[in-house]
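Report on the following structure.
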Amino acid sequence: MPLKSLQDHPKRIALSNELHARPFPHISAPARAGVIAIARDPNNPDADRQFLVQLLDHYGASHPAHGADHHFADLGRVQLKWERHSEFCTFMLFKDGAAPTGFSGQIFEHFPSEWLANAPGKLLSSSLVRIEHAHTKSEVESRIDPETKDWFVRESRAVSYAANGTAAVASDFRLDENGHIRFVVYMIGDALPHRTGRTVQRLVEIETYKSMAMLTLPVARCVMGELQPLEAELSGIVAEMSTKGTNPEDALNRLLDISAQIEKLSSEAAFRFSAGKAYSAIVWQRIDVLHEEQLLGSMLIRDFMNRRFAPAMRTCTAARERLDALSARATRASRLLSTRVNVQANEQSQSLLRQMDKRAQQQIHLQQTVEGLSVFAISYYAVMLLGKLLKPAATYGGMSEKMLGAILVPPVLLVVWLMGRRIAKSIHKDDDK
164 MPLKSLQDHP KRIALSNELH ARPFPHISAP ARAGVIAIAR DPNNPDADRQ FLVQLLDHYG
224 ASHPAHGADH HFADLGRVQL KWERHSEFCT FMLFKDGAAP TGFSGQIFEH FPSEWLANAP
284 GKLLSSSLVR IEHAHTKSEV ESRIDPETKD WFVRESRAVS YAANGTAAVA SDFRLDENGH
344 IRFVVYMIGD ALPHRTGRTV QRLVEIETYK SMAMLTLPVA RCVMGELQPL EAELSGIVAE
404 MSTKGTNPED ALNRLLDISA QIEKLSSEAA FRFSAGKAYS AIVWQRIDVL HEEQLLGSML
464 IRDFMNRRFA PAMRTCTAAR ERLDALSARA TRASRLLSTR VNVQANEQSQ SLLRQMDKRA
524 QQQIHLQQTV EGLSVFAISY YAVMLLGKLL KPAATYGGMS EKMLGAILVP PVLLVVWLMG
584 RRIAKSIHKD DDK
(Lines of atoms letter the chains of each structure in order from A and count residues from 1; the text may use other names and numbers.)
(Lines give C-alpha, C1' and ligand atoms only; values in the text may rest on other atoms or scores of the structure.)
Protein backbone atom coordinates (compact mmCIF):
# COMPACT_ATOMS: atom_id res chain seq x y z
CA MET A 1 0.00 0.00 0.00
CA PRO A 2 1.23 3.60 -0.54
CA LEU A 3 2.86 5.31 2.42
CA LYS A 4 0.62 8.37 2.36
CA SER A 5 1.30 9.22 5.97
CA LEU A 6 4.99 9.88 5.17
CA GLN A 7 6.02 13.06 3.41
CA ASP A 8 8.37 12.61 0.44
CA HIS A 9 11.77 14.27 0.47
CA PRO A 10 11.57 17.17 -2.04
CA LYS A 11 14.37 15.61 -4.14
CA ARG A 12 13.24 11.98 -3.95
CA ILE A 13 11.35 11.73 -7.26
CA ALA A 14 13.85 13.85 -9.19
CA LEU A 15 16.79 11.77 -7.99
CA SER A 16 14.99 8.53 -8.80
CA ASN A 17 14.14 9.74 -12.30
CA GLU A 18 17.75 10.84 -12.83
CA LEU A 19 18.72 7.17 -13.27
CA HIS A 20 16.46 7.05 -16.33
CA ALA A 21 16.99 10.61 -17.54
CA ARG A 22 19.04 9.91 -20.68
CA PRO A 23 17.53 7.03 -22.69
CA PHE A 24 19.30 5.83 -25.83
CA PRO A 25 17.84 6.66 -29.24
CA HIS A 26 16.31 3.87 -31.34
CA ILE A 27 18.09 3.63 -34.68
CA SER A 28 17.60 1.03 -37.39
CA ALA A 29 20.49 0.26 -39.75
CA PRO A 30 21.25 1.53 -42.30
CA ALA A 31 21.13 5.07 -40.94
CA ARG A 32 23.22 8.13 -40.31
CA ALA A 33 23.72 10.44 -37.33
CA GLY A 34 25.36 13.75 -36.61
CA VAL A 35 26.16 15.20 -33.19
CA ILE A 36 27.38 18.63 -32.10
CA ALA A 37 28.43 19.61 -28.57
CA ILE A 38 28.17 23.29 -27.67
CA ALA A 39 29.56 24.94 -24.54
CA ARG A 40 26.97 26.33 -22.16
CA ASP A 41 26.99 29.97 -21.13
CA PRO A 42 27.81 30.05 -17.38
CA ASN A 43 26.28 33.52 -17.09
CA ASN A 44 22.99 32.42 -18.66
CA PRO A 45 22.28 28.81 -17.66
CA ASP A 46 18.95 28.76 -19.50
CA ALA A 47 20.37 29.99 -22.82
CA ASP A 48 20.85 26.46 -24.22
CA ARG A 49 17.19 25.62 -23.53
CA GLN A 50 16.09 28.80 -25.30
CA PHE A 51 18.40 27.83 -28.16
CA LEU A 52 16.71 24.42 -28.36
CA VAL A 53 13.26 25.99 -28.30
CA GLN A 54 14.21 28.18 -31.27
CA LEU A 55 15.09 25.06 -33.27
CA LEU A 56 11.91 23.27 -32.21
CA ASP A 57 9.81 26.30 -33.15
CA HIS A 58 11.47 26.38 -36.56
CA TYR A 59 10.15 22.86 -37.20
CA GLY A 60 6.95 23.21 -35.19
CA ALA A 61 8.03 20.46 -32.80
CA SER A 62 7.03 20.02 -29.16
CA HIS A 63 8.98 21.74 -26.38
CA PRO A 64 10.83 19.91 -23.56
CA ALA A 65 9.20 19.53 -20.17
CA HIS A 66 10.05 22.15 -17.58
CA GLY A 67 13.37 21.34 -15.91
CA ALA A 68 14.14 18.45 -18.30
CA ASP A 69 17.77 17.80 -19.21
CA HIS A 70 16.99 15.73 -22.31
CA HIS A 71 14.40 15.83 -25.07
CA PHE A 72 13.45 13.79 -28.15
CA ALA A 73 11.72 15.53 -31.04
CA ASP A 74 10.55 14.62 -34.54
CA LEU A 75 11.73 17.30 -36.95
CA GLY A 76 10.09 15.65 -39.98
CA ARG A 77 12.89 14.17 -42.04
CA VAL A 78 15.19 13.72 -39.05
CA GLN A 79 14.92 12.88 -35.37
CA LEU A 80 16.51 15.06 -32.69
CA LYS A 81 17.89 14.13 -29.31
CA TRP A 82 18.99 16.98 -27.02
CA GLU A 83 20.93 16.54 -23.78
CA ARG A 84 22.15 19.12 -21.30
CA HIS A 85 25.24 18.56 -19.17
CA SER A 86 27.11 20.68 -16.65
CA GLU A 87 29.38 22.45 -19.14
CA PHE A 88 27.88 21.63 -22.52
CA CYS A 89 24.80 20.48 -24.34
CA THR A 90 24.55 18.08 -27.29
CA PHE A 91 22.26 17.99 -30.31
CA MET A 92 22.06 14.62 -32.09
CA LEU A 93 20.32 14.26 -35.44
CA PHE A 94 19.63 10.78 -36.82
CA LYS A 95 17.68 9.52 -39.79
CA ASP A 96 17.13 6.31 -41.71
CA GLY A 97 19.28 5.47 -44.71
CA ALA A 98 23.04 5.77 -45.00
CA ALA A 99 24.55 8.83 -46.65
CA PRO A 100 24.91 8.48 -50.44
CA THR A 101 28.62 9.23 -50.11
CA GLY A 102 30.90 8.32 -47.21
CA PHE A 103 30.64 11.28 -44.83
CA SER A 104 29.10 14.20 -46.64
CA GLY A 105 27.80 15.87 -43.51
CA GLN A 106 24.51 16.64 -45.24
CA ILE A 107 22.62 15.73 -42.08
CA PHE A 108 23.83 18.97 -40.49
CA GLU A 109 21.92 20.89 -43.16
CA HIS A 110 18.86 20.29 -40.99
CA PHE A 111 20.35 22.81 -38.56
CA PRO A 112 19.35 26.22 -39.97
CA SER A 113 22.40 28.45 -40.55
CA GLU A 114 20.67 31.40 -38.85
CA TRP A 115 19.98 29.22 -35.82
CA LEU A 116 23.61 28.04 -35.63
CA ALA A 117 24.81 31.64 -35.85
CA ASN A 118 22.92 32.44 -32.63
CA ALA A 119 24.45 29.58 -30.62
CA PRO A 120 24.95 30.58 -26.95
CA GLY A 121 28.41 28.97 -26.82
CA LYS A 122 31.36 27.73 -28.84
CA LEU A 123 31.43 24.43 -30.73
CA LEU A 124 33.32 21.81 -28.71
CA SER A 125 32.86 18.72 -30.85
CA SER A 126 31.04 17.50 -33.95
CA SER A 127 30.75 13.88 -35.07
CA LEU A 128 29.33 12.02 -38.04
CA VAL A 129 28.24 8.40 -37.73
CA ARG A 130 27.57 6.15 -40.71
CA ILE A 131 25.52 3.09 -39.70
CA GLU A 132 25.63 0.08 -42.01
CA HIS A 133 24.09 -3.38 -41.82
CA ALA A 134 25.99 -6.63 -42.24
CA HIS A 135 24.61 -10.13 -42.05
CA THR A 136 27.69 -11.86 -40.63
CA LYS A 137 31.11 -11.13 -39.20
CA SER A 138 32.75 -12.51 -42.32
CA GLU A 139 30.85 -9.95 -44.38
CA VAL A 140 32.15 -7.18 -42.10
CA GLU A 141 35.70 -8.44 -42.45
CA SER A 142 35.42 -8.50 -46.23
CA ARG A 143 33.90 -5.03 -46.47
CA ILE A 144 35.60 -2.97 -43.79
CA ASP A 145 39.03 -2.50 -45.39
CA PRO A 146 37.92 -1.53 -48.91
CA GLU A 147 35.06 0.64 -47.65
CA THR A 148 37.02 2.55 -45.00
CA LYS A 149 40.39 3.02 -46.71
CA ASP A 150 39.27 6.39 -48.09
CA TRP A 151 37.42 7.41 -44.94
CA PHE A 152 40.16 7.04 -42.31
CA VAL A 153 43.93 7.50 -42.03
CA ARG A 154 45.19 3.96 -41.77
CA GLU A 155 47.95 4.74 -39.22
CA SER A 156 45.36 6.14 -36.82
CA ARG A 157 42.43 3.87 -37.63
CA ALA A 158 40.90 1.95 -34.73
CA VAL A 159 38.72 -1.04 -35.69
CA SER A 160 37.05 -3.55 -33.41
CA TYR A 161 34.04 -5.70 -32.75
CA ALA A 162 31.80 -4.15 -30.10
CA ALA A 163 28.69 -4.92 -28.09
CA ASN A 164 29.69 -8.54 -27.54
CA GLY A 165 30.30 -9.09 -31.24
CA THR A 166 26.95 -7.73 -32.45
CA ALA A 167 28.57 -4.68 -34.05
CA ALA A 168 31.82 -3.53 -35.61
CA VAL A 169 33.07 0.04 -35.22
CA ALA A 170 35.84 2.07 -36.81
CA SER A 171 37.26 5.59 -36.50
CA ASP A 172 40.55 7.47 -36.67
CA PHE A 173 39.44 10.31 -34.34
CA ARG A 174 40.80 12.86 -36.82
CA LEU A 175 39.03 16.00 -37.96
CA ASP A 176 38.00 15.71 -41.59
CA GLU A 177 38.07 18.55 -44.10
CA ASN A 178 34.84 19.92 -42.61
CA GLY A 179 35.98 19.65 -38.99
CA HIS A 180 34.01 16.51 -38.06
CA ILE A 181 35.08 13.26 -36.37
CA ARG A 182 33.98 10.22 -38.36
CA PHE A 183 32.63 6.90 -37.10
CA VAL A 184 31.35 3.92 -39.01
CA VAL A 185 29.22 1.26 -37.33
CA TYR A 186 28.34 -2.11 -38.85
CA MET A 187 25.40 -3.74 -37.08
CA ILE A 188 25.66 -7.50 -37.51
CA GLY A 189 22.66 -9.78 -37.96
CA ASP A 190 19.23 -8.85 -36.57
CA ALA A 191 20.31 -5.92 -34.44
CA LEU A 192 17.53 -4.30 -32.46
CA PRO A 193 17.09 -0.50 -32.81
CA HIS A 194 17.80 0.17 -29.13
CA ARG A 195 21.08 -1.79 -29.36
CA THR A 196 22.10 0.20 -32.42
CA GLY A 197 21.22 3.46 -30.69
CA ARG A 198 23.17 2.45 -27.59
CA THR A 199 26.28 1.63 -29.63
CA VAL A 200 26.09 4.92 -31.55
CA GLN A 201 25.49 6.87 -28.35
CA ARG A 202 28.52 5.36 -26.65
CA LEU A 203 30.79 6.14 -29.60
CA VAL A 204 29.80 9.79 -29.80
CA GLU A 205 30.05 10.09 -26.01
CA ILE A 206 33.62 8.80 -26.18
CA GLU A 207 34.43 11.58 -28.64
CA THR A 208 32.50 14.27 -26.75
CA TYR A 209 33.90 13.47 -23.33
CA LYS A 210 37.37 13.06 -24.83
CA SER A 211 37.12 16.59 -26.21
CA MET A 212 35.95 17.92 -22.86
CA ALA A 213 38.78 16.13 -21.03
CA MET A 214 41.33 17.50 -23.50
CA LEU A 215 40.34 21.05 -22.53
CA THR A 216 42.48 20.43 -19.46
CA LEU A 217 45.67 19.94 -21.47
CA PRO A 218 46.28 23.65 -22.36
CA VAL A 219 45.65 24.55 -18.72
CA ALA A 220 48.13 21.88 -17.59
CA ARG A 221 50.79 23.16 -20.00
CA CYS A 222 50.24 26.72 -18.82
CA VAL A 223 50.51 25.62 -15.18
CA MET A 224 53.72 23.70 -15.95
CA GLY A 225 55.23 26.80 -17.55
CA GLU A 226 54.34 29.04 -14.63
CA LEU A 227 55.50 26.54 -12.01
CA GLN A 228 59.05 26.28 -13.34
CA PRO A 229 60.26 29.75 -12.19
CA LEU A 230 58.35 29.38 -8.93
CA GLU A 231 60.07 26.07 -8.24
CA ALA A 232 63.49 27.61 -8.97
CA GLU A 233 62.80 30.55 -6.66
CA LEU A 234 61.51 28.27 -3.92
CA SER A 235 64.59 26.07 -4.19
CA GLY A 236 66.77 29.16 -3.90
CA ILE A 237 64.98 30.30 -0.75
CA VAL A 238 65.29 26.84 0.82
CA ALA A 239 69.01 26.82 -0.01
CA GLU A 240 69.41 30.25 1.62
CA MET A 241 67.70 28.97 4.76
CA SER A 242 70.74 26.80 5.53
CA THR A 243 73.14 29.74 5.12
CA LYS A 244 74.08 31.77 8.18
CA GLY A 245 73.48 35.48 7.97
CA THR A 246 70.28 35.14 5.95
CA ASN A 247 67.49 37.48 6.96
CA PRO A 248 64.61 35.08 7.70
CA GLU A 249 61.98 37.83 7.63
CA ASP A 250 62.97 38.84 4.09
CA ALA A 251 62.98 35.19 2.98
CA LEU A 252 59.59 34.67 4.62
CA ASN A 253 58.10 37.61 2.72
CA ARG A 254 59.42 36.23 -0.56
CA LEU A 255 58.07 32.81 0.35
CA LEU A 256 54.64 34.26 1.09
CA ASP A 257 54.63 35.87 -2.38
CA ILE A 258 55.41 32.48 -3.93
CA SER A 259 52.68 30.80 -1.88
CA ALA A 260 50.18 33.44 -3.03
CA GLN A 261 51.06 32.81 -6.68
CA ILE A 262 50.78 29.05 -6.20
CA GLU A 263 47.39 29.45 -4.53
CA LYS A 264 46.24 31.67 -7.39
CA LEU A 265 47.28 29.03 -9.94
CA SER A 266 45.62 26.32 -7.88
CA SER A 267 42.33 28.18 -7.56
CA GLU A 268 42.25 29.00 -11.28
CA ALA A 269 43.06 25.45 -12.42
CA ALA A 270 41.30 23.39 -9.73
CA PHE A 271 37.95 23.13 -11.50
CA ARG A 272 39.50 22.32 -14.89
CA PHE A 273 41.71 19.61 -13.37
CA SER A 274 38.77 18.06 -11.51
CA ALA A 275 36.54 18.22 -14.57
CA GLY A 276 39.24 16.72 -16.79
CA LYS A 277 39.68 13.83 -14.38
CA ALA A 278 35.93 13.18 -14.31
CA TYR A 279 35.57 13.38 -18.11
CA SER A 280 38.54 11.06 -18.57
CA ALA A 281 36.95 8.51 -16.24
CA ILE A 282 33.74 8.65 -18.30
CA VAL A 283 35.72 8.06 -21.53
CA TRP A 284 37.29 4.91 -20.11
CA GLN A 285 33.94 3.74 -18.74
CA ARG A 286 32.31 4.14 -22.15
CA ILE A 287 35.17 2.18 -23.72
CA ASP A 288 34.73 -0.58 -21.13
CA VAL A 289 31.03 -1.00 -21.90
CA LEU A 290 31.79 -1.34 -25.63
CA HIS A 291 33.25 -4.78 -24.82
CA GLU A 292 35.70 -4.58 -27.71
CA GLU A 293 37.11 -7.62 -29.47
CA GLN A 294 39.90 -7.87 -32.03
CA LEU A 295 38.96 -7.44 -35.68
CA LEU A 296 41.53 -8.39 -38.36
CA GLY A 297 44.34 -7.67 -35.91
CA SER A 298 43.65 -3.94 -36.04
CA MET A 299 44.11 -1.44 -33.23
CA LEU A 300 41.20 -1.24 -30.79
CA ILE A 301 39.67 2.04 -29.67
CA ARG A 302 41.12 1.26 -26.25
CA ASP A 303 44.57 0.89 -27.81
CA PHE A 304 44.17 4.19 -29.63
CA MET A 305 43.18 5.97 -26.43
CA ASN A 306 46.05 4.40 -24.51
CA ARG A 307 48.50 5.69 -27.12
CA ARG A 308 47.05 9.12 -27.88
CA PHE A 309 44.61 10.17 -25.14
CA ALA A 310 46.13 8.65 -22.00
CA PRO A 311 49.49 10.53 -22.30
CA ALA A 312 47.63 13.83 -22.47
CA MET A 313 45.66 12.95 -19.35
CA ARG A 314 48.86 11.86 -17.60
CA THR A 315 50.30 15.28 -18.42
CA CYS A 316 47.27 16.87 -16.76
CA THR A 317 47.64 14.60 -13.75
CA ALA A 318 51.35 15.38 -13.51
CA ALA A 319 50.63 19.13 -13.63
CA ARG A 320 48.04 18.82 -10.87
CA GLU A 321 50.34 16.69 -8.71
CA ARG A 322 53.27 19.04 -9.36
CA LEU A 323 51.15 22.01 -8.33
CA ASP A 324 50.02 20.22 -5.16
CA ALA A 325 53.60 19.15 -4.36
CA LEU A 326 54.94 22.68 -4.83
CA SER A 327 52.18 24.03 -2.60
CA ALA A 328 53.11 21.49 0.08
CA ARG A 329 56.83 22.40 -0.25
CA ALA A 330 56.04 26.10 0.08
CA THR A 331 53.91 25.37 3.16
CA ARG A 332 56.71 23.37 4.81
CA ALA A 333 59.28 26.05 4.01
CA SER A 334 56.96 28.72 5.41
CA ARG A 335 56.60 26.78 8.64
CA LEU A 336 60.37 26.39 8.96
CA LEU A 337 60.98 30.05 8.30
CA SER A 338 58.19 31.03 10.67
CA THR A 339 59.81 28.88 13.34
CA ARG A 340 63.18 30.52 12.70
CA VAL A 341 61.65 33.99 12.86
CA ASN A 342 59.90 33.08 16.12
CA VAL A 343 63.11 31.67 17.60
CA GLN A 344 65.00 34.79 16.58
CA ALA A 345 62.26 36.99 18.04
CA ASN A 346 62.41 35.00 21.29
CA GLU A 347 66.18 35.39 21.43
CA GLN A 348 65.84 39.13 20.91
CA SER A 349 63.18 39.27 23.61
CA GLN A 350 65.40 37.37 26.03
CA SER A 351 68.33 39.65 25.24
CA LEU A 352 66.14 42.67 25.85
CA LEU A 353 64.92 41.19 29.13
CA ARG A 354 68.52 40.54 30.22
CA GLN A 355 69.42 44.13 29.42
CA MET A 356 66.40 45.38 31.31
CA ASP A 357 67.30 43.17 34.27
CA LYS A 358 70.88 44.50 34.23
CA ARG A 359 69.62 48.07 34.16
CA ALA A 360 67.22 47.31 36.99
CA GLN A 361 70.11 45.92 39.05
CA GLN A 362 72.10 49.02 38.33
CA GLN A 363 69.19 51.19 39.37
CA ILE A 364 68.85 49.20 42.59
CA HIS A 365 72.55 49.65 43.39
CA LEU A 366 72.29 53.33 42.60
CA GLN A 367 69.17 53.60 44.72
CA GLN A 368 70.90 51.84 47.63
CA THR A 369 73.85 54.19 47.30
CA VAL A 370 71.56 57.19 47.28
CA GLU A 371 69.69 55.79 50.29
CA GLY A 372 72.99 55.36 52.18
CA LEU A 373 74.08 58.88 51.38
CA SER A 374 70.64 60.12 52.36
CA VAL A 375 70.99 58.49 55.78
CA PHE A 376 74.22 60.36 56.42
CA ALA A 377 72.82 63.63 55.08
CA ILE A 378 69.65 63.40 57.16
CA SER A 379 71.63 62.26 60.19
CA TYR A 380 74.01 65.23 59.79
CA TYR A 381 71.20 67.73 59.77
CA ALA A 382 69.38 65.88 62.58
CA VAL A 383 72.54 65.93 64.74
CA MET A 384 72.97 69.63 64.09
CA LEU A 385 69.35 70.36 65.00
CA LEU A 386 69.46 68.20 68.13
CA GLY A 387 72.80 69.77 69.08
CA LYS A 388 71.29 73.25 68.88
CA LEU A 389 68.27 72.03 70.82
CA LEU A 390 70.25 70.31 73.58
CA LYS A 391 73.16 72.77 73.76
CA PRO A 392 71.76 74.69 76.78
CA ALA A 393 71.29 71.46 78.71
CA ALA A 394 74.78 70.24 77.80
CA THR A 395 76.36 73.55 78.85
CA TYR A 396 74.51 73.41 82.15
CA GLY A 397 75.84 69.91 82.72
CA GLY A 398 79.38 70.92 81.84
CA MET A 399 79.45 69.01 78.49
CA SER A 400 81.07 70.57 75.48
CA GLU A 401 79.25 71.04 72.21
CA LYS A 402 81.60 68.61 70.40
CA MET A 403 81.04 65.91 73.01
CA LEU A 404 77.28 66.39 72.68
CA GLY A 405 77.50 66.01 68.88
CA ALA A 406 79.61 62.84 69.23
CA ILE A 407 77.09 61.32 71.65
CA LEU A 408 74.13 62.15 69.34
CA VAL A 409 75.62 60.73 66.13
CA PRO A 410 75.18 56.93 66.78
CA PRO A 411 71.55 57.01 67.91
CA VAL A 412 70.57 59.48 65.19
CA LEU A 413 72.22 57.32 62.51
CA LEU A 414 70.47 54.23 63.88
CA VAL A 415 67.08 55.91 64.00
CA VAL A 416 67.40 57.38 60.49
CA TRP A 417 68.57 54.02 59.11
CA LEU A 418 65.68 52.16 60.74
CA MET A 419 63.21 54.69 59.43
CA GLY A 420 64.63 54.28 55.90
CA ARG A 421 64.35 50.51 56.15
CA ARG A 422 60.76 50.76 57.33
CA ILE A 423 59.83 53.11 54.49
CA ALA A 424 61.51 50.79 51.92
CA LYS A 425 59.64 47.75 53.27
CA SER A 426 56.35 49.62 53.09
CA ILE A 427 57.03 50.57 49.44
CA HIS A 428 57.94 46.96 48.48
CA LYS A 429 54.85 45.69 50.22
CA ASP A 430 52.65 48.06 48.22
CA ASP A 431 54.40 46.97 44.98
CA ASP A 432 53.67 43.28 45.72
CA LYS A 433 50.01 44.07 46.02
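Residue numbers 164 to 596, in my numbering, belong to the letters of the sequence shown in order.
Yeah, the Cβ is synthetic: ideal placement off N, Cα and C, and Gly gets one too.
Test item: CB-CB of residue i and residue j under 8 Å
i, j, result
"L287", "F251", "yes"
"L418", "S490", "no"
"I369", "R449", "yes"
"K285", "A224", "no"
"A194", "G268", "no"
"V446", "K373", "yes"
"H273", "L238", "yes"
"T478", "A376", "no"
"V386", "A482", "yes"
"A333", "V347", "yes"
"R471", "L390", "no"
"S323", "V198", "no"
"F436", "T494", "no"
"Y349", "A326", "no"
"E295", "A192", "yes"
"I344", "T299", "no"
"D220", "R247", "no"
"V452", "R365", "yes"
"W245", "L215", "yes"
"A402", "L500", "no"
"T371", "T264", "no"
"F266", "D339", "yes"
"D204", "P283", "yes"
"H454", "F187", "no"
"M476", "S443", "yes"
"E456", "G328", "yes"
"V363", "A196", "yes"
Delimiting residues of the alpha helix (DSSP H) encompassing residue i
i, result
"H296", "Per DSSP, H296 belongs to no alpha helix (DSSP H); it is in the beta strand (DSSP E), L286 to A297."
"G230", "Looking at the DSSP string, G230 is not in any alpha helix (DSSP H), and its letter there is neither H nor E."
"S276", "S276 to A280"
"A395", "T379 to M404"
"P173", "No alpha helix (DSSP H) contains P173, which DSSP labels as neither H nor E."
"R133", "There is no way to answer for residue 133, as the model of the chain reaches only from 164 to 596."
"I307", "K300 to T311"
First and last residue of the uninterrupted beta strand (DSSP E) at residue i
i, result
"I351", "I344 to I351"
"L256", "F251 to D259"
Residues that DSSP places opposite residue i in a beta bridge
i, result
"E456", "Y324"
"H234", "W245"
"V216", "Paired residues: none, contrary to the question."
"G197", "L256 and L291"
"A202", "F251"
Backbone secondary structure at residue i - three-state DSSP
i, result
"E340", "coil"
"V316", "coil"
"S334", "strand"
"M582", "helix"
"G439", "helix"
"D420", "helix"
"D612", "With the chain represented from 164 up to 596, any question about residue 612 goes unanswered, as that position is not in the structure."
"L500", "helix"
"N410", "coil"
"A523", "helix"
"I190", "coil"
"L355", "coil"
"F266", "coil"
"M566", "helix"
"S461", "coil"
"P283", "coil"
"G223", "coil"
"G360", "helix"
"R483", "helix"
"R471", "helix"
"T329", "coil"
"R449", "helix"
"R240", "coil"
Distance cut-off 7 Å: residue i Cβ against heavy atoms of the ligand GDP
i, result
"A236", "Of ligands this structure carries none, so the ligand GDP is not represented either."
For this session: Would you be able to state if there are at least three C-beta pairs under 8 Å between the stretch 451-471 and the stretch 395-406?
Result: no
Problem set entry | At least 3 beta-carbon pairs within less than 8 Å: the stretch 412-427 vs the stretch 294-312 | no
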